[in-house]
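Colleague: Sharing a structure below in structure tokens format, with a few things to ask.
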């Protein structure tokens, strides 16, 4: 095997894998055994970041970019005229081990185009993971893609060696899927997801009785949706996401702004801007649902089908629900504190703890790290000063936008001019 | 006017705790506590060198452990490793308040000293986490994985366990060039080592007389991999530099010029 050929393969197959945004290496509890290599316990580590600011935590590659499918949004689709390559199992193992030993990565994220059929492909992915675990005594993180349509037996085996499994839903609506990926059926995506979910439930139950039950996908499963490829609303996306979180116990749903890669008339054209701001707002919403105690219907509903681009979803919610404010920082419960714009969960924690010692004033809040430029309109504290004017939501929004700097200034310019 | 004292200690955590012991034991009117290596004389105080004594240090530490949770104790230790000027005085006040109070003061975030300790501990932990991420080992000719660094804070004591658990089957060295000491794992235990580097030694280069012949191959593959993961239409250098500040680039093989 020449070094140049390996280098070329790595370039092709890393390039093809980069549109998968998941890079998380956290949530597993695999520990180093028998003085082996690696330790996937505790929180994840981002070893470096790409120039577009995404974290690089795993060696993220495709086993091959040969594919029998022709999904319009995918760069490795059959009809696309690109260089094709395939790794041998041993090559992936060697790369992973040597990168890991140098502390470049937390582990491997292995995906693949579909060659021949689903099972044939899945079998090869499993072979890599198995070899790493059993022959190399590797205890780092392994994320395998569940190939849509793969058999239950293979999914069972995959979970025994992998920390995380994922199937990408890609298109949030069934109609969009039909349009852009006519070869694929929604059921094929769901099937491996159901299997993994049931295996995890079963593992947890057995673990209680028999301590030595082998681990099954300890870091759970995740999925990804492409944003802005099929004309869907934010409500479509977040309701789909909510459905998957609730029904499949997913650890994460990732949102990937569509990067135009073809001149297919069904899709945004090459040169069209990647909807990064929208993607950011979706992630903020995702966080509000998972950590801040919001219900999806509070943020997106029939009257509010899309998220505001100029302000974050929590501020947007607060401005529509001014009757809930102002909140007394020294009295409100954690749930309500978490709903105040400008307060993150860390600030909420600090406030809950610190106010047991003395009532907090503006100075305390500022030092603790509360973003007062937003929070000041929604709170009272141990001070005679507070917002006494009866401001309309529009005015508050105007003041906040005037007094805040954002990395998304250019995307926001249009709205700002309304207030200046 | 009563004389106040500046206590000078050897820069170790035990040394600092010994100072705290002396403050209580001898009821010293304290002006400040200083690491002898960076000590400055003051017009207003008389200097006094404190000999580190483990027994005294342990007594202070164990009485703190009774007042604070293990996490809070660890936070205090992390704040110490920040090596910030004046951190000793903040910590002394923190300890005095702790010993006076009936309950743990560790979450009294509207107290300036408590907040300062919490914030410094967070900065130190962030640096620890960065070192766990940005350490890059290079395989030397004699089979040892070698990495050098110069962290903002003295975090080697904090990252020891992480690397020990992770790389149990390979020999490795992590060397702090700024503080001139390193950790060496010899497949059995981790020792603290000091090296005399050759004058021409350039920590950013992987010279072929020192490193394994395959070393450059993997560095090249890694750099190429890093390049292939970029999505050009999403380029955002501001965010990139925020995540990977430039002062760390010299140790990241993917960021070095070819």
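Residue numbers (our numbering), protein chains in the order written: chain U, 18 to 437; chain R, 26 to 283. Think of the CB as a built atom: it goes at the ideal place given N, C-alpha and C, for glycine as much as any other residue. Nothing here was measured: the structure is a model prediction, and the numbers come from that model.
1. Please list, in chain order, the chain U residues whose beta carbon lies closer than 8 Å to that of residue 195(R).
2. Scan the stretch 363 to 394 of chain U and note each continuous beta strand (DSSP E) run of 3 residues or more that stays entirely inside, going in chain order.
3. Work out the CA separation of residue 146(U) and residue 311(U) for me, nearest whole Å.
4. With a threshold of 8 Å between beta-carbons, can residue 63(U) be considered close to chain R, or not?
5. Assuming residue 73(R) and residue 30(R) make a contact with CB atoms under 8 Å, what is their CB distance in whole Å?
6. If I measure Cβ to Cβ from residue 433(U) and keep anything under 7 Å in the same chain, skipping five residues before and after, which residues do I get?
7. How is residue 33(R) classed by DSSP in three states: helix, strand or coil?
8. Where do the ends of the alpha helix (DSSP H) carrying residue 156(U) lie?
9. Helix, strand or coil for residue 242(R), going by three-state DSSP, please let me know.
10. Less than 7 Å between C-beta atoms, sequence neighbours within five positions excluded: which residues of the same chain meet that for residue 218(U)?
11. Buried or exposed: which applies to residue 212(R), given that a residue is buried once 16 or more other Cβ atoms fall within 10 Å of its Cβ?
12. Give the single residue among 386(U), 343(U), 292(U) and 37(U) whose Cα lies nearest to the Cα of residue 250(U).
13. On a CA-only basis, which of 259(U), 364(U), 209(U) and 224(U) is nearest residue 238(U)? Give me that one, please.
14. Tell me which residues share the same chain as residue 236(R) and place their Cβ nearer than 6 Å to its Cβ, disregarding the 5 neighbours each side in the sequence.
15. Output the boundary residues of the alpha helix (DSSP H) element that contains residue 234(U).
16. For residue 191(R), which of 344(U), 326(U) and 57(U) has the nearest alpha-carbon?
17. Can you list, in chain order, the residues of its chain with a C-beta nearer than 7 Å to that of residue 435(U)? Leave out the 5 residues immediately preceding and following it.
18. Can you find a CB in chain R that lies within less than 8 Å of the CB of residue 362(U)?
19. Is it right to say residue 137(U) is buried, meaning 16 or more other beta carbons lie within 10 angstroms of its own, or is it exposed?
20. At a Cβ cut of 9 Å, what residues of the stretch 247 to 261 of chain R count as close to chain U, listed as they run along the chain?
21. By how many angstroms is the C-alpha of residue 155(R) removed from the C-alpha of residue 269(R)?
22. Relative to the C-alpha of residue 20(U), which residue among 49(U), 112(U) and 390(U) is closest?
23. Between the Cα of residue 195(R) and those of 204(U), 244(U), 51(U) and 303(U), spot the shortest distance and give me the residue it belongs to.
24. Please confirm whether residue 265(R) has its beta-carbon closer than 8 Å to some beta-carbon of chain U.
25. With 8 Å as the limit, tell me which residues of the stretch 156 to 184 of chain R have their beta carbon closer than that to any beta carbon of chain U; keep them in chain order.
26. Give the straight-line distance between the Cα atoms of residue 226(U) and residue 162(U), rounded to the nearest whole angstrom.
27. What does DSSP give as the partner residue(s) for residue 242(U) in the beta ladder?
28. To test your reading of the DSSP string, which unbroken alpha helix (DSSP H) runs of 4 or more residues are found completely within the stretch 297 to 353 of chain U?
29. Please tell me whether residue 191(R) has its Cβ less than 8 Å away from any Cβ of chain U.
30. When you compare each of 158(U), 150(U), 203(U) and 325(U) to residue 164(U) by their alpha carbons, which one comes out closest?
31. Between residue 488(U) and the rest of its own chain, which residues show a CB-CB distance below 7 Å, the 5 nearest in sequence each way excluded?
32. Pull up the CB-CB distance for residue 82(R) and residue 42(R), whole angstroms please, since I reckon it's below 8 Å.
33. Counting only beta-carbon atoms, is residue 94(R) nearer than 8 Å to chain U?
34. Can you tell which of 401(U), 346(U) and 364(U) has the C-alpha that lies nearest to the C-alpha of residue 376(U)?
35. List in chain order: all unbroken alpha helix (DSSP H) runs of 4+ residues lying wholly within the stretch 61 to 102 of chain R.
36. Beta-carbon within less than 7 Å of residue 187(R)'s beta-carbon, same chain only, minus the 5 sequence neighbours each way: which residues are those?
Modeller: Considering the structure as presented:
1. 54 and 118
2. List check, beta strand (DSSP E) in window: nothing returned.
3. 38 Å
4. yes
5. 5 Å
6. Below a pLDDT of 50, predicted positions are generally treated as unreliable, and residue 433(U), at 44, falls in that range; the measurement from the model is reported next regardless. 418.
7. Correct three-state label for residue 33(R): strand.
8. In this chain, residue 156(U) is not harboured by any alpha helix (DSSP H), its DSSP state being neither H nor E.
9. helix
10. none
11. exposed
12. Cα-wise, what sits closest to residue 250(U) is 292(U).
13. 209(U)
14. 163 and 165
15. Taken as a continuous stretch (DSSP letters only), residue 234(U) belongs to no alpha helix (DSSP H), as it is neither H nor E.
16. Relative to the Cα of residue 191(R), the nearest Cα in the group 344(U), 326(U) and 57(U) belongs to 57(U).
17. Reliability of the predicted coordinates at residue 435(U) is poor, the pLDDT of 43 falling under 50, and no value is obtained from them.
18. Output row for residue 362(U): interface = no.
19. Only exposed fits residue 137(U), as fewer than 16 other CB atoms lie within 10 angstroms of its CB.
20. 247, 249, 250, 251, 252, 253, 254, 255, 256, 257, 258, 259, 260 and 261
21. Residue 269(R) and residue 155(R): Cα-Cα distance of roughly 9 Å.
22. 112(U)
23. 51(U)
24. yes
25. 157, 158, 159, 160, 161, 162, 163, 164, 170 and 172
26. 30 Å
27. 187(U) and 272(U)
28. 313 to 316 and 330 to 337
29. Output row for residue 191(R): interface = yes.
30. 203(U)
31. Examination of residue 488(U) is not possible in this model, given that chain U is present from 18 through 437 alone.
32. 4 Å
33. no
34. 346(U)
35. 79 to 92
36. 157
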